[in-house]
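Top line first, the protein sequences correspond to chains A and B.
Residue 1 is where the first sequence starts when you use this note's numbering, and the numbers rise one by one after that.
Residue 243 is where the second sequence starts when you use this note's numbering, and the numbers rise one by one after that.
Don't be surprised by glycine CBs; every beta carbon is placed ideally from N, CA and C.
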Amino acid sequence: MSNIVEFRRASFAINGRALLDDVSFNVATGETIVLLGRSGSGKTTTLKLINRLLEPTSGDVLVDGRKTTDWDPIRLRRRIGYVIQEIGLFPHFTVARNVGLVPTLESWSEDRVKQRVNDMLALVGLEPSRFGSRYPRELSGGQRQRVGVARALASDPAILLLDEPFGALDPITRSEMQKEFRALQKRLGKTMIFVTHDMREAFILGDRIGLMKDGRLLALVSADEFGKVDHPEAKAFAESCA
Amino acid sequence: MSFFDFMWTRRSEILLLTLEHVEIVGISILAACVIGLPLGILMTRRPAVSRPVLAVANVLQTIPSLALFGFLIPLPLIGGIGTRTAVVALVLYSLLPIIRNTFTGISAVDPAIREAGRAMGMTDGQLLWNVEIPLALGVIFAGIRVATVIAVGVATIAAAVGAGGLGTFIFRGVSMVDSRTILAGAIPAAALALIADFGLGALQKRFTRLLSLVCVIGFAMLVPSCSSQDRIVVGSKNFTEQVILGELVAQQIERRTSVPVERKLNLGGTLICHEAMTAGQIDTYVEYTGTGLTAILKEPPSNDSMRVLETVRGLYKTRLGIEWTEPLGFNNTFAIIVRKADAEAFKLKTISDAASQTAKWTAGFGYEFMERQDGYAGLAKIYNLRFPGQPRVMDLGLTYKAVAERQVDVIAGNSTDGLIDALGLTVLEDDKRYFPPYDAVPLVRDAIVLKHPEVRQALRELGGMISADQMRRMNYAVDGEHKDVKEVVKQFLESVK
Chain A
1 MSNIVEFRRA SFAINGRALL DDVSFNVATG ETIVLLGRSG SGKTTTLKLI
51 NRLLEPTSGD VLVDGRKTTD WDPIRLRRRI GYVIQEIGLF PHFTVARNVG
101 LVPTLESWSE DRVKQRVNDM LALVGLEPSR FGSRYPRELS GGQRQRVGVA
151 RALASDPAIL LLDEPFGALD PITRSEMQKE FRALQKRLGK TMIFVTHDMR
201 EAFILGDRIG LMKDGRLLAL VSADEFGKVD HPEAKAFAES CA
Chain B
243 MSFFDFMWTR RSEILLLTLE HVEIVGISIL AACVIGLPLG ILMTRRPAVS
293 RPVLAVANVL QTIPSLALFG FLIPLPLIGG IGTRTAVVAL VLYSLLPIIR
343 NTFTGISAVD PAIREAGRAM GMTDGQLLWN VEIPLALGVI FAGIRVATVI
393 AVGVATIAAA VGAGGLGTFI FRGVSMVDSR TILAGAIPAA ALALIADFGL
443 GALQKRFTRL LSLVCVIGFA MLVPSCSSQD RIVVGSKNFT EQVILGELVA
493 QQIERRTSVP VERKLNLGGT LICHEAMTAG QIDTYVEYTG TGLTAILKEP
543 PSNDSMRVLE TVRGLYKTRL GIEWTEPLGF NNTFAIIVRK ADAEAFKLKT
593 ISDAASQTAK WTAGFGYEFM ERQDGYAGLA KIYNLRFPGQ PRVMDLGLTY
643 KAVAERQVDV IAGNSTDGLI DALGLTVLED DKRYFPPYDA VPLVRDAIVL
693 KHPEVRQALR ELGGMISADQ MRRMNYAVDG EHKDVKEVVK QFLESVK
């Protein structure tokens, strides 16, 4: 299995302060990695290095075997879906326009965009005829999050980056979304890198779990092996779950 | 005549001036958008630019409007007399709210939304047009609305540089001391501001395409208004007698020659008329010998009217290329004016008599009188006038009303002013002959004399035609009886023919 994303001793510092410190790992095609850690541990920085919203200050990040700094950033980002908390939707676009954004930027024909939007909305469980013409403010938090996922999937990207997508949802909705997302994951078989601070969520969704603290990747292991990780941070997360 | 009748009889003029007003404001705001919106956007991309740009726009905003017009008149291309100058000034005033709101509106877009756009692979241009501008549109539009309302107000002052618009009524009303005429300009201007604000609010909903369309139309309108042709431009200062004399000169040229005449009456004062003459923006206006001598040439005052005329004639010819034709026949000297009741009570006939009373008086003078060599300072010295406080400085036209309503006790007006009798005022004699002679004489640029000698001939024909008495009567016909200037002048020319 080839590595679709590779971190090679990548660091990122801003004003001399390291947000990410000498991180190396590989992500295999089709795999789901969950990055687990507290706020400020470097999870979001890791994601932004992949789609070149940030560039490593030392080391390299490779996508499809090419350094991100060698990619045209626009082309790179359109191959990578990005889901953030509900605020990432454009408030002045309808749901359909939000979902169809990247295909439109890629100059797909109008009919094809429309078809794609309908498929994606149906995929995330929103009836296109009912929701397509609404604005984000007219939706519930859970519905907005589904739209966010549909938007990220619309251009059929090889990689999906998800930054605490369910973080702002109430516990019941979050639990439903996690289950649905798990099913969706199986169906689509895409490479996903998912950031969360919720241990339970990491266990439900991750093939492997990467534990982060203070800009370092402490461990990257399968869910079964997570219990064996000998680090106080791992124990702290395990306890948070008990 | 009720106010409504007054407005109704002038409806066509009100409509015309309102349209002029709309045109000036419309073109200005469009041009300000064309400059200000890109500048505001550039500032969000190059933060280093934002400080100097905002500083300059701020300074422009603080220049008093009449002063700005004064600066612009002598400038080539953007200056001069008329619509173009007014548009340039209004554009400069409108820039600040437009630039600032564009900048703040775009800067205030939620960074998370901007990042989401970037993460999805939007280019900077796509982010700007599809996300940032639409989200900032409310704030940007608020800036345009503020700019428009300000421009509607400032545009009334543009009448002082001959740009027309509703300010024409206001200036005329102030010089005639007629509040109905002022309201005929002020009410439509206020209505216009409200309508513009409301209309832009409605427009906001269907913005983007529309703006570019309107821009094109605006420029198409601007181009023909800049073109010029062979014609004589007649100017005048902004008080009744000057407007009458301007009209008189215009009608005289029209009836004696075939050269087309354009009127730029009601310009904002001596210096503006003079600047306009030297810049070739107007070709002729009526000036007074004493004013030419002291205010323009900065020569010491003199009491000999023949010598004054010879001096100004010689110096204007050599220094400025402007010809003084023949004196019209009356001397409009400054007049120190008090209420007739006061003059009778204290037995005042001369300014010397008044010196004993001034310690109890408040004086009200126009701006020019305070500044001029032959104005207030010299007068107070020669007659030993001592006032308890500084004179109240106000528009010349307002001084008559102020003295009649007892807000001030003595003013400096013009000896030919029709309002003197109408408001129950009287002129104190200049017994020490302080004021130099102010014989009214039509001026004409040498360039016009060369090109159209028949115009000079027509102006010379007016020599000695108007006595002080006749001038006062014409002034009163306009100021006191609210007759139309054109009609008054026409009747006069027919009566002396």
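C-beta neighbour in chain B for residue i, strict 9 Å
i: Asn118 (chain A); result: no
i: Gly132 (chain A); result: no
i: His102 (chain A); result: Per the sequence shown, residue 102 (chain A) should be read as Val rather than His. Closer than 9 Å: yes.
i: Asn15 (chain A); result: no
i: Phe25 (chain A); result: no
i: Arg78 (chain A); result: yes
i: Tyr135 (chain A); result: no
i: Gln145 (chain A); result: no
i: Leu53 (chain A); result: yes
i: Arg66 (chain A); result: no
Neighbour-count burial assignment, residue i, 16 or more Cβ in a 10 Å radius
i: Cys468 (chain B); result: Per-residue confidence for Cys468 (chain B) stands at a pLDDT of 41, beneath the threshold of 50, marking its modelled position as unreliable; the derived number appears in the next sentence. Classification of Cys468 (chain B): exposed, given that the 10 Å Cβ count is below 16.
i: His231 (chain A); result: exposed
i: Ser421 (chain B); result: exposed
i: Arg200 (chain A); result: exposed
i: Ser129 (chain A); result: exposed
i: Ile593 (chain B); result: buried
i: Ser11 (chain A); result: buried
i: Ile14 (chain A); result: exposed
i: Phe440 (chain B); result: exposed
i: Glu483 (chain B); result: buried
i: Gly666 (chain B); result: exposed
i: Arg675 (chain B); result: exposed
i: Val301 (chain B); result: exposed
Residue-level contact to chain A via CB, residue i, 9 Å cutoff
i: Gln446 (chain B); result: no
i: Val388 (chain B); result: no
i: Arg287 (chain B); result: no
i: Asp372 (chain B); result: The sequence given here has Asn at residue 372 (chain B), not Asp. Closer than 9 Å to some Cβ of chain A, the Cβ of Asn372 (chain B) qualifies, so yes.
i: Thr365 (chain B); result: yes
i: Gly443 (chain B); result: no
i: Ala207 (chain B); result: Since the first residue shown for chain B is 243 and the last is 739, residue 207 (chain B) is missing from the structure and cannot be characterised.
i: Glu357 (chain B); result: yes
i: Leu377 (chain B); result: yes
i: Gln523 (chain B); result: no
i: Ala309 (chain B); result: no
Run of the beta strand (DSSP E) containing residue i, from where it starts to where it stops
i: Pro684 (chain B); result: Ala682 to Arg687
i: Asp22 (chain A); result: Arg17 to Ala28
i: Ala710 (chain B); result: That residue, Ala710 (chain B), is in no beta strand (DSSP E); its alpha helix (DSSP H) goes Ala710 to Asp721.
i: Asn3 (chain A); result: Asn3 to Ile14
i: Asp156 (chain A); result: Taken as a continuous stretch (DSSP letters only), Asp156 (chain A) belongs to no beta strand (DSSP E), as it is neither H nor E.
i: Ala219 (chain A); result: Arg216 to Ser222
i: Gly59 (chain A); result: Ser58 to Val63
Element boundaries [alpha helix (DSSP H), containing residue i]
i: Ile210 (chain B); result: Since the first and last residues shown for chain B are 243 and 739, residue 210 (chain B) lies out of range.
i: Met612 (chain B); result: Tyr609 to Glu613
i: Glu565 (chain B); result: Taken as a continuous stretch (DSSP letters only), Glu565 (chain B) belongs to no alpha helix (DSSP H), being part of the beta strand (DSSP E) at Ile564 to Trp566.
i: Glu529 (chain B); result: Note, Glu529 (chain B): premise wrong, no alpha helix (DSSP H); beta strand (DSSP E) at Thr526 to Tyr530.
i: Asp584 (chain B); result: Lys582 to Ala587
i: Gly312 (chain B); result: Ser307 to Leu314
i: Ala492 (chain B); result: Thr482 to Arg498
i: Asp574 (chain B); result: For clarity, residue 574 (chain B) is Asn in the given sequence; the question names Asp instead. Here Asn574 (chain B) belongs to no alpha helix (DSSP H), and DSSP marks it neither H nor E.
i: Thr423 (chain B); result: Ser421 to Leu445
Integer Cβ distance of residue i from residue j, believed to fall under 8 Å
i: Ile653 (chain B); j: Thr641 (chain B); result: 4 Å
i: Pro165 (chain A); j: Gln145 (chain A); result: 6 Å
i: Val554 (chain B); j: Ile524 (chain B); result: About 18 Å; that fails the 8 Å criterion.
Neighbour list for residue i in chain D, Cβ cutoff strictly below 9 Å
i: Phe12 (chain A); result: Absence of chain D from the displayed structure is noted, the protein chains being A and B.
May I ask you to verify whether the region 337–357 of chain B touches the region 377–394 of chain B, counting CB pairs closer than 8 Å and requiring at least 3?
yes
Pair every Cβ in the region 356–375 of chain B with every Cβ in the region 332–342 of chain B, then say whether three or more of these pairs are closer than 8 Å.
no
Taking 8 Å as the threshold, find out whether the region 725–737 of chain B comes into contact with the region 486–498 of chain B through three or more Cβ pairs.
yes
With contact counted as at least three CB pairs below 8 Å, one residue from each stretch, are the region 395–413 of chain B and the region 116–123 of chain A in contact?
no
Below 8 Å, can you find three or more Cβ-Cβ pairs linking the region 310–325 of chain B to the region 244–253 of chain B?
no
Taking three-plus beta-carbon pairs below 8 Å as touching, is the region 585–601 of chain B in contact with the region 535–546 of chain B?
no
Indicate whether the contact test is met: 3 or more Cβ pairs, each with one atom in the region 208–219 of chain A and one in the region 22–42 of chain A, closer than 8 Å.
yes
Would the region 566–576 of chain B and the region 594–606 of chain B be scored as touching if the rule is three or more Cβ pairs under 8 Å?
no
Cβ contact (3+ pairs, closer than 8 Å) linking the region 427–436 of chain B and the region 255–272 of chain B
yes
Quick test of the definition: if touching needs 3 or more C-beta pairs under 8 Å, does the region 149–167 of chain A touch the region 91–110 of chain A?
yes
Three or more C-beta pairs under 8 Å: does that hold for the region 693–704 of chain B against the region 497–516 of chain B?
yes
Could you tell me whether the region 527–535 of chain B touches the region 548–562 of chain B, using the rule of 3 or more Cβ pairs below 8 Å?
yes
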